[in-house]
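Asker: Residue numbers for the sequence shown follow the numbering used here, beginning at 13 and rising by one. No residue lacks a Cβ here, since even glycine has one placed at the ideal position from N, Cα and C. Quick one: the structure is below, questions incoming.
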Amino acid sequence: MIIFLYGLDSYRRQRKLNKIVEEYKQKHSNISLERFDLEEEGEFERLKDFASQMSIFGSKKMAVLKNISEAEPEKIKEFLKNYFNSENLTVLISENSVPNGFESLLKKAFLTKKFDELNAEKLKFFAQKEIQGRGVLISDSALDFLAQNFRDDMWGFINELEKLILWRTGNKTEIGVSDVRNAGDYFYKAPNMFNFINSVARNLPPRQKIVNLEKLLLRQEEPAKVFNFMASSRYLSKDLVKKLADCDVSAKSGKLDYEDIFLSLALN
Numbered sequence: 013m014i015i016f017l018y019g020l021d022s023y024r025r026q027r028k029l030n031k032i033v034e035e036y037k038q039k040h041s042n043i044s045l046e047r048f049d050l051e052e053e054g055e056f057e058r059l060k061d062f063a064s065q066m067s068i069f070g071s072k073k074m075a076v077l078k079n080i081s082e083a084e085p086e087k088i089k090e091f092l093k094n095y096f097n098s099e100n101l102t103v104l105i106s107e108n109s110v111p112n113g114f115e116s117l118l119k120k121a122f123l124t125k126k127f128d129e130l131n132a133e134k135l136k137f138f139a140q141k142e143i144q145g146r147g148v149l150i151s152d153s154a155l156d157f158l159a160q161n162f163r164d165d166m167w168g169f170i171n172e173l174e175k176l177i178l179w180r181t182g183n184k185t186e187i188g189v190s191d192v193r194n195a196g197d198y199f200y201k202a203p204n205m206f207n208f209i210n211s212v213a214r215n216l217p218p219r220q221k222i223v224n225l226e227k228l229l230l231r232q233e234e235p236a237k238v239f240n241f242m243a244s245s246r247y248l249s250k251d252l253v254k255k256l257a258d259c260d261v262s263a264k265s266g267k268l269d270y271e272d273i274f275l276s277l278a279l280n
């Protein structure tokens, strides 16, 4: 089975990917899951080995792919053709766009879903649903302010919403434009904290995560604050949430420093 997610709205695309993965894990308790970045050397061969291996006790397998255009086109096409009707292997692909020459092939996919960037009105509607799900309200003026400032950056938009929810004072249930402006200075003074958090949440290539981590450490951000902000986000995969919970125990018991935790997250 082939599932193809694409589009420039990488936030909603990544969230859909996480949802599909979690649903498959719940449905198939013994699923074998691997992720492959075909931009990395040797990944296509590793993918073929994974797909051809016999499943233990008939367990299902899922391969999550990105950067498929970096593999030799004819080879990856031939590989995908073998698994359109497979019941044992699900190939989940996530890309910014449909690679040249793959259009007709992906019409045969079990599921194809496009995630266009949202215009200001759709972004505000999306944000209202997100924030109301947290039991918090946001004024129209505050929402307009955010939509105008983050219309081309969904990840930044969501991070700012998260920050406003966490930092609202007392029992205040509605976020106003003054709250947004007061919190905005912090966001623009320390963007690298969010760059690193986003790169981990989106499972970007290790080299990109390491670059963002280096920038973060150079700014001497308080490690515990960065970790707590990351762990408090509701937009992480369940695997990452569990890993952060385990890391938190290790940090608080003195077994690991937060810097070591960040390095581990960057390298994986």
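DSSP state of E186, grouped into three classes?
Answerer: Note: E186 maps to strand in three-state DSSP.
Asker: List the residues that DSSP assigns as beta-bridge partners of I150.
Answerer: I187
Asker: Hey, quick one: how far does the alpha helix (DSSP H) through A75 stretch, first residue to last?
Answerer: Unbroken run through A75 is the beta strand (DSSP E), K73 to K78; no alpha helix (DSSP H).
Asker: In the DSSP assignment, find the unbroken beta strand (DSSP E) run with R219 in it and report its ends.
Answerer: Judged by DSSP secondary structure, R219 falls outside any beta strand (DSSP E) and instead within the alpha helix (DSSP H) spanning P218 to L230.
Asker: Please report the straight-line C-alpha distance between L268 and F274, rounded to a whole angstrom.
Answerer: 10 angstroms
Asker: Buried or exposed: which applies to A257, given that a residue is buried once 16 or more other Cβ atoms fall within 10 Å of its Cβ?
Answerer: For A257, the number of other beta carbons within 10 angstroms of its own is below 16, and it is reported as exposed.
Asker: At 4 residues or longer, and completely inside the stretch 30 to 107: list those alpha helix (DSSP H) runs for me, N to C.
Answerer: 55 to 64 and 85 to 93
Asker: Cα-Cα, which of F208, I209, L173 and F206 is closest to V192?
Answerer: With distances taken between Cα atoms, V192 lies closest to L173.
Asker: Enumerate in chain order the residues of its own chain whose CB-to-CB distance from K60 is below 7 angstroms, with the five nearest sequence positions on each side excluded.
Answerer: F91
Asker: For the beta strand (DSSP E) holding F4, just list the boundary residues, first then last.
Answerer: This structure cannot settle anything about residue 4, because the visible part of the chain is limited to 13 through 280.
Asker: Between L117 and I88, what straight-line distance do the alpha-carbon atoms span, to the nearest angstrom?
Answerer: 11 angstroms
Asker: So R214 packs on F127, CB below 8 angstroms; how close in whole Å?
Answerer: Contact flag wrong, Cβ pair sits at about 13 angstroms.
Asker: Starting from K125 and walking both ways along the beta strand (DSSP E), at which residues does that stretch end?
Answerer: For K125, the uninterrupted beta strand (DSSP E) segment begins and ends at L123 to K126.
Asker: For F114, which of helix, strand or coil comes out of DSSP?
Answerer: coil
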